[in-house]
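Working notes, beginning with the structure itself.
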């Protein structure tokens, strides 16, 4: 039943259910009784009295546990119904896990005859059981609070927060009423009390509540702190926090979940009168992300899609890839590349951001904003495109000033790293503040909430909310990260692995190649590739230490390292084994030869998406040894196409190298397994087909 006064429309988009006396006028506030001005009285057992898809946010605190377990799924389904797609549900309940852990800790203390532990044990027993079994208002909790002195008083106040702290003096002034019933009540009176709403009917922990939310249809279920939320400005409403910042109900479990966007149905296979037109945007067509973007562009063109690509730096003479015209001057010719002069300006601006944070982490390799001087409306390919595909777009898309143009087209964003999820960094180093709103960025070494990361995040949030965005991640890991990001929660996400040209990346004649370069045919050659060996995230020192362990185990004879990418001369000079340095290799054919030369490729990245090095190596028949992080498990089938060590485990990497050496000596078919997996999973035409089907489904949905 829809509430009469709100049956036509719901102007406020925030709903607080079971609000009690803690509510904010910017919200629509509902409880079983009208507890204050504007609070709507409603029996929530009968449903939520609003139309479907009415609210951006639904919140309830210490309400769910008052429903019988059998009714909880139906109530959460009602919350799901009244939320808009992409809307957020925030649920606060007593935390069973925390209560039990504290009870067990107090039990151990009491068992050791610790007087304080005995007092804490008494309280934790009450906290665990009282609201489940009480038969009178306030129960044993109220009686405990009235005791003077109260046993474990500071501990109780710490756990219960303002609920006790503010009213303790008043409670003690109220004379205790003796229970002369001996704990006995008439069955009818007891039943009426237990149905009154005061008693807890069930308890939840993070596992059971997550399952319940997922069963109701929610996605992106996360546990948060009391002051954390994906809800914009939530802290300012004072629902879970007191004005002084203290937690209102510290014994609580705080969880949020998202109502997913409707999944697009796959478009029927129809013959197009005109080719599908796609415009790709990437900072450049080289480097890991640029190469992956250019390959997709080539694959789409090979399958009949009219694909164009826009960059700020171009290598080669492909007319379908254009450098975006600049208002800063003529395009430049530099080291065989065509470069926009605005690229240097953007780079200088990004460096200036970093310069403001002298305590930034050495792990931070890139930090970019959302500005550009590119004007999309001036590009013919953008105007004519049916769909826009973004890639690594720092400096080429101005999200702040191009909202109208971007909003005119459906946008697919292929995420090559974490930057679309964060307030500036491209890999977070394990930080998950992007799940909230960034700020106090550990990579920047910032203690300020409103730092560069929070400001960039806020600008992204304001823009993304206005766009028709679909997320594609090459790895499952990055897809999971996107699900956590407050910028992408509730949006449609797809995992489509990278593809590559397996007619270029293929078996090479290892013996002939080694003979040509003077590399002994019986040496155990390990390949390491990165744009810069000095990049901490690529973890070269872990590879180095693993090779040193292998050398100690087997002796130095026959162990060698091949390096593609920039390697500082002092580092190269310090290597205690033979090393072949090939520098930066731009030719795909030469890269394929470098893989074919090697017996194993070592991937010691600490964070990575779906590294090109890994899939290229497999396509050339070279097994991969790496850490079980990021997208590397999507590439490596353990002890079939390579070896997976736990993150940071140098010993595990060394075991992987030994495994690869044993495969070489035994003449195992591991190289065939690698090639087969690359053909099946990382085929360029397979990738292009998956993208084309996605594009068509998005356009078909838009027409409905």
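In the UniProt record's numbering, the protein residues as written are 1 to 704.
Backbone N, C-alpha and C fix where the C-beta goes; we use that ideal spot for every residue, glycine too.
Q) When the Cβ atoms of the stretch 579-598 are set against those of the stretch 537-544, are three or more pairs found closer than 8 Å? A) no
Q: Would you identify the three-state DSSP class for residue 278, choosing helix, strand or coil?
A: strand
Q | Cutoff 7 Å; reference residue 343; Cβ partners in own chain excluding five residues on either side | A | 312, 313, 395
Q) Since residue 313 sits in a beta bridge, which residues does DSSP pair it with? A) 284, 339
Q) In this structure, what does DSSP give as the bridge partners for residue 157? A) Residue 157 pairs with nothing; no bridge assigned.
Q: Going by CA-CA distance only, name the one from 562, 284, 602 that's closest to residue 583.
A: 562
Q) Count the other CB atoms within 10 Å of the CB of residue 293; is the residue buried (16 or more) or exposed (fewer)? A) buried
Q. If you count every other CB in all the chains shown that lies within 10 Å of the CB of residue 450, and 16 or more means buried, which is it?
A. exposed
Q: In the DSSP assignment, find the alpha helix (DSSP H) that holds residue 121 and state where it starts and stops.
A: 115-133
Q.
Can you give me the C-alpha to C-alpha distance between residue 56 and residue 682, rounded to a whole angstrom?
A. 39 Å
Q) Beta-carbon separation of residue 573 and residue 592 under 9 Å? A) no
**Q.** Residue interval of the beta strand (DSSP E) (run including residue 453)
**A.** Taken as a continuous stretch (DSSP letters only), residue 453 belongs to no beta strand (DSSP E), being part of the alpha helix (DSSP H) at 452-464.
Q: Return the bridge partner residues of residue 244 from the DSSP annotation.
A: Note: residue 244 sits in no beta bridge, so no partner.
Q.
If you reduce the DSSP assignment to three classes, tell me which class residue 77 lands in.
A. helix
Q) When burial is assigned at 16 or more other CB atoms within 10 Å of the CB, is residue 4 buried or exposed? A) For residue 4, the predicted structure reports a pLDDT of 42, less than 50, and the residue's modelled location is therefore unreliable. The matter cannot be settled from this model.
Q) If you drop the 5 nearest sequence neighbours on each side, which residues of the same chain put their C-beta closer than 8 Å to that of residue 181? A) Note that residue 181 scores a pLDDT of 45, beneath 50, so its modelled location is shaky and nothing firm can be said.
(Q) Quick check on the burial criterion: 16 or more other C-beta atoms within 10 angstroms. Buried or exposed for residue 286? (A) buried
Q | Rounded straight-line distance, which links the Cα of residue 368 to that of residue 445 | A | 16 Å
Q) Do residue 356 and residue 452 come within 9 Å of each other at the CB atom, strictly closer than that value? A) yes
Q | Counted within 10 angstroms of its Cβ, other Cβ atoms place residue 639 as buried (16 or more) or exposed | A | exposed
Q. Out of curiosity, what's the CA-to-CA distance linking residue 645 and residue 239?
A. 45 Å
Q) Are residue 30 and residue 45 close, meaning C-beta to C-beta below 9 Å? A) no
Q: Quick one: grab the DSSP three-state call for residue 333.
A: strand
Q. What separation, rounded to the nearest whole angstrom, lies between the Cα atoms of residue 96 and residue 67?
A. 16 Å
Q | Residue from 533, 317, 242, 228 whose Cα sits closest to the Cα of residue 24 | A | 242
Q. Is it true that the CB of residue 90 sits closer than 9 Å to the CB of residue 218?
A. no
**Q.** Own chain, CB closer than 8 Å to residue 85, minus 5 neighbours either side, in chain order
**A.** 53, 259, 260, 261, 262, 490
Q | residue 204 (DSSP reduced to helix, strand or coil) | A | strand
**Q.** Cβ distance (whole Å) where residue 520 is taken to contact residue 498 below 8 Å
**A.** In fact, because the Cβ distance is near 33 Å, the residues do not count as touching under 8 Å.
Q.
Would residue 278 and residue 385 qualify as a contact pair, given that the criterion is a beta-carbon distance under 9 Å?
A. yes
**Q.** Contact under 9 Å by Cβ, residue 627 with residue 529
**A.** no
Q.
For residue 15, list the residues DSSP reports as bridge partners.
A. 28, 58
Q: Assign residue 389 to one of three DSSP states: helix, strand, or coil.
A: strand
Q: For my contact list, residue 604 and residue 566 are in at a C-beta cut-off of 8 Å; report their separation, rounded to the angstrom.
A: Going by Cβ atoms, the distance from residue 604 to residue 566 rounds to 17 Å, so no, they are not a contact pair.
Q: Entirely within the stretch 469-525 and at least 3 residues each: give me those beta strand (DSSP E) ranges in chain order.
A: 469-473, 493-495
Q.
On a Cα-Cα basis, can you pick out the residue from 280, 297, 375, 317 that is closest to residue 326?
A. 375
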